[in-house]
Amino acid sequence: MGLEEVKQDIMEEAEKSVSEIISKASKEAEEIAANSEEETHKLDEKSMEEYSKELVSLEKKELAVAKLEAKKYLFDKKKEIMNIAVEAAKKEILNMPKTSKEPLLKGFMSKAEKEFPVACIYCNESEMQIVKKNVKKSVNVLPAKISGGIIAENMDKTLRIDYSYDTLFNDIYEKQLHKLAQILF
Numbered sequence: 230m231g232l233e234e235v236k237q238d239i240m241e242e243a244e245k246s247v248s249e250i251i252s253k254a255s256k257e258a259e260e261i262a263a264n265s266e267e268e269t270h271k272l273d274e275k276s277m278e279e280y281s282k283e284l285v286s287l288e289k290k291e292l293a294v295a296k297l298e299a300k301k302y303l304f305d306k307k308k309e310i311m312n313i314a315v316e317a318a319k320k321e322i323l324n325m326p327k328t329s330k331e332p333l334l335k336g337f338m339s340k341a342e343k344e345f346p347v348a349c350i351y352c353n354e355s356e357m358q359i360v361k362k363n364v365k366k367s368v369n370v371l372p373a374k375i376s377g378g379i380i381a382e383n384m385d386k387t388l389r390i391d392y393s394y395d396t397l398f399n400d401i402y403e404k405q406l407h408k409l410a411q412i413l414f
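So for the sequence shown, my numbering puts the first residue at 230; every next one is plus one.
Following this line, the structure appears as structure tokens:
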């Protein structure tokens with residue numbers, strides 16, 4: 230074998246090796262490209278899934294906030310309507326004629342007497358005549374800054390019972406709020 234033939238064999242061997250290496254590298258590159266495309270697709274799907282979940286979560290939160298605000302608004306409006314109804318009832322009682330107030334005040338005084346011996350009664354100036362007319366002479370009747378009704382005390386001022394309209398309405402409002410809401414709504 231001559232030098233030229235050896236050179237030719239080496240060149241053929243080198244070309245064959247280079248072809249194999251290029252072919253192998255090309256296959257690996259194709260596999261890497263296919264794998265990376267698959268990974269990219271998986272990542273895209275995962276990202277879209279996460280994005281969809283976040284979007285659904287955000288929508289739920291916004292809906293919950295909107296529902297809460299709507300309930301609060303509705304509650305405030307119902308409370309406003311109940312307050313208007315209570316104020317209207319208060320006005321009606323305050324504007325009752327004296328002849329209608331007398332039995333009411335008598336009832337308050339009788340109820341107070343059952344609790345303890347009454348020595349002093351506080352009332353609104355506009356109702357003083359009615360109260361004085363219907364109590365024992367030993368009971369002291371004094372004016373008070375109340376809308377109406379009475380506040381009764383015993384002799385040593387250790388016991389006091391409040392039958393003023395304001396207190397009674399507040400008690401009724403607090404105790405019967407649920408029933409009032411059912412009646413109105």
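Every residue gets a Cβ at the ideal spot worked out from N, C-alpha and C, and that includes glycine.
- If you look at Ser329, you'll find it in the alpha helix (DSSP H) that goes Lys327 to Glu344.
- Val370 is bridged by DSSP to Ile350.
- Cβ neighbours of Asn312 within its own chain (closer than 8 Å, five residues either side excluded): none.
- Separation of Ala258 and Met240 (C-alpha to C-alpha, rounded to the nearest whole angstrom) is 26 Å.
- With a contact defined as Cβ atoms closer than 8 Å, Ile380 and Tyr394 miss out at about 11 Å.
- Ile390 carries a strand assignment under DSSP once its states are collapsed to helix, strand and coil.
- A direct Cα-to-Cα measurement between Glu291 and Glu274 gives close to 25 Å.
- Within the DSSP secondary-structure output, Gly378 pairs in a beta bridge with Ser393.
- Take the alpha-carbon of Ala293 and the one of Ser286: they are about 10 Å apart.
- Boundaries for Lys365: no alpha helix (DSSP H) harbours it, and the DSSP string shows neither H nor E there.
- Counting C-beta pairs closer than 8 Å gives fewer than three between the region 317-326 and the region 358-375, which falls short of the contact rule.
- Proximity to Tyr402 across Lys319, Ala243, Glu278 and Ile250 peaks at Lys319, based on C-alpha coordinates.
- Counting other Cβ atoms within 10 Å of its Cβ, Tyr351 reaches 16 or more and is therefore classed as buried.
- Our two residues, Gln237 and Lys253, have alpha carbons roughly 24 Å apart in a direct line.
- Ranked by how close their Cα comes to the Cα of Glu344, the residues Ala243, Leu388, Leu303 and Pro332 have Leu388 in first place.
- Taking C-beta atoms as the reference points, Glu354 and Pro332 fail to come closer than 7 Å.
- Here Ala263 is exposed: its Cβ has fewer than 16 other Cβ atoms, across all protein chains shown, within 10 Å.
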